[in-house]
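Participant: I have a structure here, written as structure tokens, and I will follow up with some questions on it.
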Amino acid sequence: MRARIKFSKLGQIKYVGHLDMMRYFQRAFRRAGFDVKYSEGFSPHMILSFASPLGVGLESEGEYFDIEMNSIPDEEEALERLNAVMADGIRILRFKTLEEKSKNAMSVVSGADYELCYRDGKKKETDERIVTAVDGFFNDSKEIIITKKTKKSERTIDIRPLIYDLRYEKSTSSYLMRLSAGSVENLRPELVMETFYERSGFEYEAFLFRIIRKDIYMTGEDGRFVPLC
Amino acid sequence: MSSLERKLALPEEILLAVSNPARYTGGEIGSVMKQKASVRLRFAFCFPDVYEIGMSHLGIQILYDMFNKREDVWCERVYSPWPDLSDIMKEKNIPLFALESQDNVREFDFLGITLQYEMCYTNILEILSLSGIPLSSKDRTEDDPIVIGGGPCTYNPEPLYEFFDMFYIGEGEISYDRLFDLYIGMRAKGDFKREDFLREASHIEGIYVPSLYEVSYNDDGTIKSFKPMYDDVPAVVSKTVVVDFDTAPYLSQPILPFIKVTQDRAVLEVQRGCIRGCRFCQAGMIYRPNRQKNIEVLKKDADNILNNSGYEEITLSSLSTSDYQTLEELVDYLIENYSDKKVNISLPSLRIDSVFLSLMEKLSDVKKNSVTFAPEAGSQRMRDVINKGLNIEDIMGGARMVYEAGYNKIKCYFMIGLPGERPEDVEAIAVLAEDLAMLYYDTVPKEKRNGKCQITVSTSFFVPKPFTPFQWAGMQGEEYYKEMAHMLKGKIISTLNHKSIHYMYHEPDVTMIEGVLARGDRRLSSVIRAVYEAGAHFDAWTEYYDNEKWVNAFKSCGVDPDFYTKRERFLDEILPWDFIECGVSKEFLTREWRTAMGEKVTPNCRERCSACGAKKYGGGVCYESQN
Numbered sequence: 001m002r003a004r005i006k007f008s009k010l011g012q013i014k015y016v017g018h019l020d021m022m023r024y025f026q027r028a029f030r031r032a033g034f035d036v037k038y039s040e041g042f043s044p045h046m047i048l049s050f051a052s053p054l055g056v057g058l059e060s061e062g063e064y065f066d067i068e069m070n071s072i073p074d075e076e077e078a079l080e081r082l083n084a085v086m087a088d089g090i091r092i093l094r095f096k097t098l099e100e101k102s103k104n105a106m107s108v109v110s111g112a113d114y115e116l117c118y119r120d121g122k123k124k125e126t127d128e129r130i131v132t133a134v135d136g137f138f139n140d141s142k143e144i145i146i147t148k149k150t151k152k153s154e155r156t157i158d159i160r161p162l163i164y165d166l167r168y169e170k171s172t173s174s175y176l177m178r179l180s181a182g183s184v185e186n187l188r189p190e191l192v193m194e195t196f197y198e199r200s201g202f203e204y205e206a207f208l209f210r211i212i213r214k215d216i217y218m219t220g221e222d223g224r225f226v227p228l229c
Numbered sequence: 230m231s232s233l234e235r236k237l238a239l240p241e242e243i244l245l246a247v248s249n250p251a252r253y254t255g256g257e258i259g260s261v262m263k264q265k266a267s268v269r270l271r272f273a274f275c276f277p278d279v280y281e282i283g284m285s286h287l288g289i290q291i292l293y294d295m296f297n298k299r300e301d302v303w304c305e306r307v308y309s310p311w312p313d314l315s316d317i318m319k320e321k322n323i324p325l326f327a328l329e330s331q332d333n334v335r336e337f338d339f340l341g342i343t344l345q346y347e348m349c350y351t352n353i354l355e356i357l358s359l360s361g362i363p364l365s366s367k368d369r370t371e372d373d374p375i376v377i378g379g380g381p382c383t384y385n386p387e388p389l390y391e392f393f394d395m396f397y398i399g400e401g402e403i404s405y406d407r408l409f410d411l412y413i414g415m416r417a418k419g420d421f422k423r424e425d426f427l428r429e430a431s432h433i434e435g436i437y438v439p440s441l442y443e444v445s446y447n448d449d450g451t452i453k454s455f456k457p458m459y460d461d462v463p464a465v466v467s468k469t470v471v472v473d474f475d476t477a478p479y480l481s482q483p484i485l486p487f488i489k490v491t492q493d494r495a496v497l498e499v500q501r502g503c504i505r506g507c508r509f510c511q512a513g514m515i516y517r518p519n520r521q522k523n524i525e526v527l528k529k530d531a532d533n534i535l536n537n538s539g540y541e542e543i544t545l546s547s548l549s550t551s552d553y554q555t556l557e558e559l560v561d562y563l564i565e566n567y568s569d570k571k572v573n574i575s576l577p578s579l580r581i582d583s584v585f586l587s588l589m590e591k592l593s594d595v596k597k598n599s600v601t602f603a604p605e606a607g608s609q610r611m612r613d614v615i616n617k618g619l620n621i622e623d624i625m626g627g628a629r630m631v632y633e634a635g636y637n638k639i640k641c642y643f644m645i646g647l648p649g650e651r652p653e654d655v656e657a658i659a660v661l662a663e664d665l666a667m668l669y670y671d672t673v674p675k676e677k678r679n680g681k682c683q684i685t686v687s688t689s690f691f692v693p694k695p696f697t698p699f700q701w702a703g704m705q706g707e708e709y710y711k712e713m714a715h716m717l718k719g720k721i722i723s724t725l726n727h728k729s730i731h732y733m734y735h736e737p738d739v740t741m742i743e744g745v746l747a748r749g750d751r752r753l754s755s756v757i758r759a760v761y762e763a764g765a766h767f768d769a770w771t772e773y774y775d776n777e778k779w780v781n782a783f784k785s786c787g788v789d790p791d792f793y794t795k796r797e798r799f800l801d802e803i804l805p806w807d808f809i810e811c812g813v814s815k816e817f818l819t820r821e822w823r824t825a826m827g828e829k830v831t832p833n834c835r836e837r838c839s840a841c842g843a844k845k846y847g848g849g850v851c852y853e854s855q856n
């Protein structure tokens, strides 16, 4: 039996990396006294599968992982027991039993929403300039060709089709974007923002934005994005 | 109070630029948050090494839990920032902070520093300096915390005397309440004077205030006199001891690090002290008498720690876990109650004998990997000198058993430079390794072998420690150590089975510094300061250790390191740590030193009492047969 868990990771917990989060959740499930399934072999461990690793420094309101269990409590009870043992900054938001044949979280990921807000004290362009720039960069453009550098090679790709949406929200001075995610094409929000700044003639600097992943999606039967659970 | 509201001492730009930022952000499960206005004493507990090492230490966790149970005290943690961060902190003038409140260490009432090994002494000065606390006790004001040291190195605190306001000698469970009550009371009266507090504190059992004692020296450099400057200050400072180990406080909620630390598991302290009396071992002497914890108490402790942590492993910790008399029953309990949760049981410091095998059999999921032997010396003669209580039949018999049980890797630990050592004693290490390898091929038939056997030989160089029978011994010196290590390497290479034997040893230069600091006196404070000011830091880490800085510091301070290392002490000489009463008498240590030179063994505490002096505490193994 498998369950899919949705959780948020906000605040200072963002300095804890992905592998450490996996260890954290294994211990949390033991503290909560869940009937978890273990792998066979000399060093048995829980069978956890995360939808998409979140980088150090990023926050999220929608992270997901699947876990194999021997018996599954109902959602309300599970949420209560898990949230009773969480560290500050981590909340369990959903706990859903998966059907036997459903694919694991990582393999179904197709998109993710991000919010990027200007940090206090950082230089922000005027709303008018930003709105114009977003139109030029995204709404009115057909392609955005960039060069992706890896250790061994360089390749050019068009990231425009991988940006499903990009908006600027004046009331909160934040950018909202929906990007391609998952194993096929995973587009990082920082890369989009750097490119946007460069193409718009703005001056980019590190730590300009607080980045929050809002949710992770899979593609539903009608082709629309639906949250993982 | 949620961490979302906590303001961090370091800005995001710095946290994301340094390695492992979660070392500095706190907020772990089990860490304690309080309102600072609601407490009357704030204690910053520091392990002067990196987070991953410091968080692995059981003692701090026990005291952290105990201190924070007091409503009027808030205890927080401090670790050495890794050099990538300390460089930034110095450049940007960011003061050192405690993990919980993220407040500056200098704002605290106490800065408690645990002294676990000599090579962290320079890190202590870095901690003080980053905190903005004057390095010397005498330069501190009422605005600075009281700097107190504890832990094994306080059994000779003298090299650090200048930097500490006081030392706590003994087991922390005993006197801290009195010390805190005294401090809170004197603060409440108003007009708090540091000096008055130190003087009053010196009356508390286990508290040593170095500024209240004066030392004079003979022309030959030995100590002429060591005495308190005032009549009310005790001439002898007695260690504090937990007599009833069953009712002593033990942690129920460990602090769970987010990042992987060195010892990342639940720890159950099954006993304190050791019955063995190995003559090189300081822990075996200063933690006397051996006290076992009742198994029912341990079961409860284990339940608490495991259920509150969710740890996947529990280690049964002590100096010699095989000597814990209800070990098998305890292991059975843990297997019965935690095997469905896949909690692994780890048993370090076990003797390799039939009990070991039966335990390994029970822990059947354990990978049959390597077993560890600690013969400490290669020849029987030397093993008798050090009172290891292990003969060649024990070693070979144990090895045969583990080979037959399917193991093919053995790790062996030895020391070089033991008192009275001859080259043939070192050569005997190679012989023993070769015998262990041959035994494998003789014992295990070809079709049952899983490849070659692997014998790993590790040697360290012996450092004599205070309060051991070897406290008078002279060290051999760097050249000798190098020569012996090379000789041993040659011997191992020339053995028939050298392909099955792997030899490892460390550079001896740091051993000599350890030797100076372990048995040094007050005159070394200037050396530690000089070497720190020259940039030494993280000396316990090979990649940061710089021997030249130490050599130069000795020169510039006019201190001869050989006086502390190579010189054999006179039996009637005043040793720098003689003012401490640690349970074992000087008479016993002298007797043991002579017995060692006569190559004779002394039975362990359970076989026969050797009248070491620790019986006066009124508990533990000394009274076992009378129950």
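If you read the sequences in order, they're chains R and X. For the first sequence, our numbering assigns the number 1 to the initial residue and increments by one for each residue that follows. For the second sequence, our numbering assigns the number 230 to the initial residue and increments by one for each residue that follows. Idealized CB from N, CA, C, for every residue including glycine.
1. Measuring straight from C-alpha to C-alpha, what distance separates Lys-214 of chain R and Glu-205 of chain R?
2. From Phe-95 of chain R to Phe-392 of chain X, what does the alpha carbon distance come to, in whole angstroms?
3. Check for me: the beta strand (DSSP E) holding Glu-115 of chain R runs from which residue to which?
4. Count the other CB atoms, across all protein chains shown, that sit within 10 Å of the CB of Ser-231 of chain X; report buried if there are 16 or more and exposed otherwise.
5. Use the C-beta contact count for Asp-158 of chain R: other C-beta atoms within 10 angstroms, 16 or more gives buried, fewer gives exposed.
6. What does the alpha-carbon distance come out to for the pair Leu-233 of chain X and Lys-14 of chain R?
7. Could you have a look at Ala-273 of chain X and say whether DSSP puts it in helix, strand or coil?
8. Taking the DSSP output, what are the residues bridged to Gly-379 of chain X?
9. Rounded to whole angstroms, what is the Cα-Cα separation between Val-850 of chain X and Ile-504 of chain X?
10. Hey, is Pro-73 of chain R's beta-carbon within less than 8 Å of any beta-carbon in chain X?
11. Under the criterion of a Cβ to heavy atom distance below 7 Å, does Leu-239 of chain X qualify as lining the ligand GDP?
12. By the three-class DSSP mapping on this structure, what secondary structure does Ser-173 of chain R have?
13. Where does Tyr-397 of chain X sit, in a helix, a strand or coil, going by DSSP?
14. Are the beta-carbon atoms of Leu-579 of chain X and Ser-551 of chain X separated by less than 8 Å?
15. Measure the CB-CB distance between Gly-539 of chain X and Arg-224 of chain R and report whether it falls below 8 Å.
16. Go to Trp-701 of chain X, then tell me how far its beta strand (DSSP E) extends in each direction, as first and last residue.
17. In whole angstroms, give me the CA-to-CA distance for Lys-122 of chain R and Asp-406 of chain X.
18. Which one or two residues does DSSP pair with Glu-605 of chain X in a beta bridge?
19. Tyr-64 of chain R and Ala-84 of chain R - do their beta-carbons sit closer together than 8 Å?
20. Which term fits Ala-840 of chain X, buried or exposed, when burial requires 16 or more other beta carbons within 10 angstroms of its beta carbon?
21. Return the bridge partner residues of Thr-97 of chain R from the DSSP annotation.
22. Helix or strand or just coil, what does DSSP make of Glu-525 of chain X?
23. Measuring alpha carbon to alpha carbon, tell me which residue in X:Cys-682, X:Thr-831, X:Lys-265 and X:Tyr-437 is nearest Val-462 of chain X.
24. Just the chain R side, please: which residues come within less than 7 Å of Thr-254 of chain X by C-beta, in chain order?
25. Could you check what DSSP says for Tyr-670 of chain X in three-state terms: helix, strand or coil?
26. Along the region 84 to 99 of chain R, where does the CB come closer than 9 Å to a CB of chain X? Name the residues.
27. Counting only Cβ-Cβ distances shorter than 8 Å, please list the residues of the region 187 to 221 of chain R near chain X, keeping chain order.
28. Can you find a C-beta in chain R that's less than 8 Å from the C-beta of Gly-539 of chain X?
29. Spell out whether any CB of chain X is found under 8 Å from the CB atom of Tyr-24 of chain R.
30. Where in the region 238 to 290 of chain X do unbroken runs of the beta strand (DSSP E), each at least 3 residues long, occur, reported from the N-terminal end onward?
31. Can you tell which of X:Glu-772, X:Asp-368 and X:Pro-832 has the C-alpha that lies nearest to the C-alpha of Pro-312 of chain X?
32. Taking the C-alpha atoms as reference points, what is the distance between Ser-153 of chain R and Ile-146 of chain R?
33. Any C-beta of chain X within less than 7 Å: which residues of the region 117 to 130 of chain R qualify?
34. Check the C-beta distance from Phe-326 of chain X over to Phe-296 of chain X and give it rounded, since I have them as a contact under 8 Å.
35. Going straight from the alpha carbon of Pro-652 of chain X to that of Tyr-793 of chain X, what length do you get?
36. Nearest by alpha-carbon distance to Val-560 of chain X: which of X:Leu-548, X:Asn-536, X:Asn-537 and X:Glu-525 is it?
Facilitator: In terms of the structure at hand:
1. 23 Å
2. 55 Å
3. 109 to 118
4. Model confidence at Ser-231 of chain X stands at a pLDDT of 49, short of 50, so the residue's coordinates are unreliable; what they give is reported in the following sentence. Label assigned to Ser-231 of chain X: exposed.
5. exposed
6. Interpretation of Leu-233 of chain X is limited by its pLDDT of 49, a score under 50 that renders its predicted location unreliable; the figure taken from the coordinates is listed afterwards. C-alpha separation (whole angstroms): 11 Å.
7. strand
8. X:Thr-343
9. 8 Å
10. no
11. The ligand content of the structure shown is nil, which means the ligand GDP is not present either.
12. coil
13. strand
14. yes
15. no
16. Careful: Trp-701 of chain X lies outside any beta strand (DSSP E) and carries neither H nor E.
17. 49 Å
18. X:Phe-643
19. no
20. exposed
21. R:Ala-3
22. helix
23. X:Tyr-437
24. Gln-12 and Tyr-15
25. helix
26. Val-85, Met-86, Ala-87, Asp-88 and Gly-89
27. Ala-206 and Phe-207
28. yes
29. yes
30. 270 to 276
31. X:Glu-772
32. 14 Å
33. none
34. Not confirmed; about 18 Å, so no contact.
35. 24 Å
36. X:Glu-525
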